[in-house]
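Quick note on my numbering: the sequence shown kicks off at 610 and runs consecutively.
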Amino acid sequence: MNNSFDDLETTARKASVIQERMGLVSSHMYKQFLEYQQSNANTAILFDKMVENMALTVEYLKQSFTTRGIPSENIYYEYDKQRHIAMMNILWHSITLFANMKDKPKALHREKDVPLFTGRIIAIKGTLPELVHGYNDEIEQKLLDMEVASLYVPADKTGKAIIKIRHLGNQEFYINQMEAPREFLLKVIETICGGGNYHKEGSRVTISI
């Protein structure tokens with residue numbers, strides 16, 4: 610009889626410990642889930658506004674090049690709203706923007722603070738046709754290899770968005786979310802179109818005479 614009572618007490622104690630510990634885990638994950646949902650929602654809104662700015666930019670560039678006597682057929686944009694992909698072509702330059710509407714929370718590392726859970730818009734130079742078939746780890750790696758800049762969007766609508774530009778050593782630039790769609794797009798265009806393409810050359814061989 611005493612053994613049965615002791616077993617019940619031990620079981621109750623174990624259940625209490627499990628409940629307490631898992632209560633902390635579920636609270637932690639619930640907070641992450643809310644931030645994940647809200648940051649995704651904010652990212653979708655910013656991406657739509659970015660495409661609106663893209664349309665205005667294309668119209669301006671068409672007018673600007675036409676007045677200079679340059680055909681504008683190769684200046685256009687395309688938007689796949691369902692997949693959150695936008696592509697912009699400016700003469701010989703192609704730019705692709707992709708909103709990573711992820712299926713799990715991801716955070717931006719903070720040196721002196723807790724990790725910041727955000728959505729992310731990635732800008733690449735060129736196009737990545739594989740994107741239309743879905744998003745996975747392999748495609749993510751290709752995106753990161755081609756990345757020019759990323760915009761990180763927090764769950765808090767009043768919080769600053771963060772721009773990271775790859776060639777600047779991922780230095781962070783904080784910006785109001787109202788201004789972020791326009792400024793990120795313009796910075797990406799300036800970065801890509803402000804550069805140029807080099808002729809390919811073969812390996813240099815020293816010839817003895």
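Glycine included, each C-beta is placed from N, C-alpha and C at the ideal position.
Excluding residues up to 5 positions away in sequence, Lys-773 lie with their Cβ nearer than 7 Å to the Cβ of Asn-779 in the same chain. Cα atoms of Val-626 and Ala-716: separation of roughly 29 Å, rounded to the nearest angstrom. In the DSSP assignment, Ile-699 falls within the beta strand (DSSP E) that extends over 694-699.
Per DSSP, Lys-796 is not a residue of any beta strand (DSSP E); the alpha helix (DSSP H) it occupies stretches across 789-802.
Here Val-757 is near Arg-775, since their CB atoms are less than 9 Å apart. Taking 9 Å as the cut-off, the Cβ atoms of Arg-791 and Lys-658 count as close.
Burial state of Val-660 is buried, judged by a 10 Å Cβ sphere holding 16 or more other Cβ atoms. Nearest Cα to Asn-683 within the set Trp-701, Leu-753, Lys-713: Trp-701. DSSP places Tyr-744 in the coil class of the three-state scheme, outside both helix and strand.
The beta carbon of Phe-782 lies closer than 6 Å to those of Ile-772 in the same chain, with the five residues before and after it left out. By the neighbour-count definition (other C-beta atoms within 10 Å, threshold 16), Ser-636 is an exposed residue. In the DSSP assignment, Ile-654 forms no beta bridge with any residue. Per the DSSP secondary-structure output, Arg-719 pairs with nothing in a beta bridge. Excluding residues up to 5 positions away in sequence, Val-757, Ala-758, Ile-774, His-776 lie with their Cβ nearer than 8 Å to the Cβ of Thr-800 in the same chain. Between the beta-carbon of Asn-651 and that of Lys-766 there is about 6 Å, and that keeps the pair under the 8 Å contact cut.
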